[in-house]
Amino acid sequence: MDIQVDYRLTSFTTNPAVLTPAYRPCHTPSLISTNPTLTICLTYHPLIPNSYTMAEEPPPPRPSRTLTNRVAIITGAGAQGNGIGNGRASAILLAADGCSVVCVDLNLSLAQTTVSMIEAEGKGRAIAIQADVTSSADCERIVTTTLSTFGRLDILFNCVGIGGAPGTAVDVDMDAWAKGLEVNVSSMVRMCKFAIPAMLKNDRSLGIRGSIINMGSVAGLRGGTPHLLYPTSKGAVVNMTKAMAAHHAADGIRVNCVCPGMVYTPMMYGPGMSEAAREGRKNRSLLKIEGNGWDIGNSVRFLAGEESRWITGHVLTVDAGATCAVGTDLPRSASVNA
């Protein structure tokens, strides 16, 4: 094989003397050809005398920070009044970055309020759809309406969730238990069943066709709540997310999970919450700062876009450090190394 060594001078030096390298692979007259089949490109390294390094590759494309020309479905996109729940915050933030958003809620008026808030900001496009995500027919209708309205689907945020049946294994009502799992877990499977085929129609952008975000909870990571249903269902969402990520990675579809801590949203304060309870929730975190829907929405926004293109199967905990606050309120004498 004929080999030609191409000695390139970098911008770090203008001294022709450095063009004599300390090591010249196959540098003999018999191997240098005017018509080589292989060219070795060497570049002088300014910090190492008489040495050369391989020329650099061109930089990779930078992921976009905009969601222009992207389309998202958000279930549970409504909230009481003008309150900022996790779904509503996510819808507003995605739209603010140029995304077209399909706001889905069982209560149409709540979804319409979210659409009105998006329209008031004058960024992105949005429509409201009334649907019950425990119905396969409704889930299919959500996706077909999205495609007929916007022509594509890039992002799915499964945000619907309920507290569900109260009680322990001894006293929980099993019919209410089944309903809670249907809403908190099975509805996400139903939405993915119809959303993923729609995402597969997309061209790959930086290798990715779509992003799915499932709503978990720190209760699904730690348990320890007074009732059995909620942490059980959210624990299922965490592991379902990892399984989905493995199933659909080859198709360029990312699947991640957001696990909020004790955020203060309309779902929590709507039924009524004392100031003492509110303060207690806040103080369970390391930062002692109250979280809200915007904190969760910003996490969803990140996982939805190209900036997170190399992240899948991840469980993003957004809790001001609550899940790593074990024992921080104990006296030093209670520590193992006291």
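In case it helps, my numbering puts the sequence shown at residues 265 to 602.
A virtual CB, placed ideally from N, CA and C, is assigned to each residue, including glycine.
- Assignment of Cys367 by DSSP, reduced to helix, strand and coil, places it in the strand class.
- Less than 9 angstroms divides the Cβ of Asn520 from the Cβ of Leu580.
- For Glu539 against Lys546, the beta-carbon gap comes to about 10 angstroms, at or over 8 angstroms, which does not count as contact.
- Within the same chain, Cβ atoms closer than 7 angstroms to the Cβ of Gly499 are found at Gly484, the five residues on either side in sequence being excluded.
- Between Met463 and Arg473, the C-beta spacing is below 9 angstroms.
- Per DSSP, the beta bridge partners of Val335 are Ser364.
- Under the three-state reduction of DSSP output, Ile560 falls in the helix class.
- Distances from the alpha-carbon of Met532 to those of Ala336, Gly425 and Leu372 put Gly425 closest.
- The DSSP-derived three-state label of Met532 is helix.
- DSSP, read as helix, strand or coil, puts Cys588 in helix.
- In the structure shown, the three-state DSSP call for Cys403 is helix.
- When only Cα atoms are considered, Val502 and Pro495 end up about 10 angstroms apart.
- Residue burial annotation: Val397 is buried, with at least 16 other C-beta atoms found within 10 angstroms of its C-beta.
- With respect to the 9 angstroms criterion, Val368 and Gln344 are not classified as neighbours on the basis of their beta carbons.
- From the listed residues Thr587, Arg573, Ala586 and His578, the smallest Cα separation to Leu331 is found for Arg573.
- Bridge pairing for Cys521: Asn478 and Val579 [DSSP].
- In the same chain as Ile460, and ignoring 5 residues on each side of it, the C-beta atoms closer than 7 angstroms to its own belong to His512 and Ile517, in chain order.
- Non-local beta-carbon contacts of Gly557 in its own chain, meaning distances under 7 angstroms to residues more than five positions away in sequence, involve Ile348, Gly349, Asn350, Arg352, Ala353, Val527 and Thr529 in chain order.
- Between Ala510 and Gly577 the beta-carbon gap is near 7 angstroms, inside 8 angstroms, which marks them as a contact.
- At a Cβ-Cβ threshold of 9 angstroms, Val366 and Phe414 count as neighbours.
- By the neighbour-count definition (other C-beta atoms within 10 Å, threshold 16), Cys588 is an exposed residue.
- Here the alpha carbons of Pro323 and Gly342 stand approximately 42 angstroms from one another.
- Rounded to the nearest angstrom, the Cβ distance from Ala359 to Gln376 is 14 angstroms, too far for a contact under 8 angstroms.
- Counted as a single uninterrupted DSSP element, the stretch harbouring Asn466 is not any alpha helix (DSSP H), since DSSP gives it neither H nor E.
- Excluding sequence positions up to five before and after Leu411, its CB lies within less than 7 angstroms of the CB of Leu417 and Ala462, all in the same chain and listed in chain order.
- In this structure, the beta-carbon distance from Ala336 to Ile419 falls below 9 angstroms.
- Under DSSP, the beta-bridge partners assigned to Asn422 are Thr339 and Asn478.
- Here Arg468 has Gly516 as same chain residues with Cβ atoms under 7 angstroms from its own Cβ, once five neighbours each way along the sequence are excluded.
- Each residue's CA atom was taken as its position, placing Ile575 and Leu567 some 8 angstroms apart.
- Between Ser497 and Ala390, the alpha-carbon positions lie close to 30 angstroms from each other.
- In the DSSP assignment, Ile393 is bridged to Val368.
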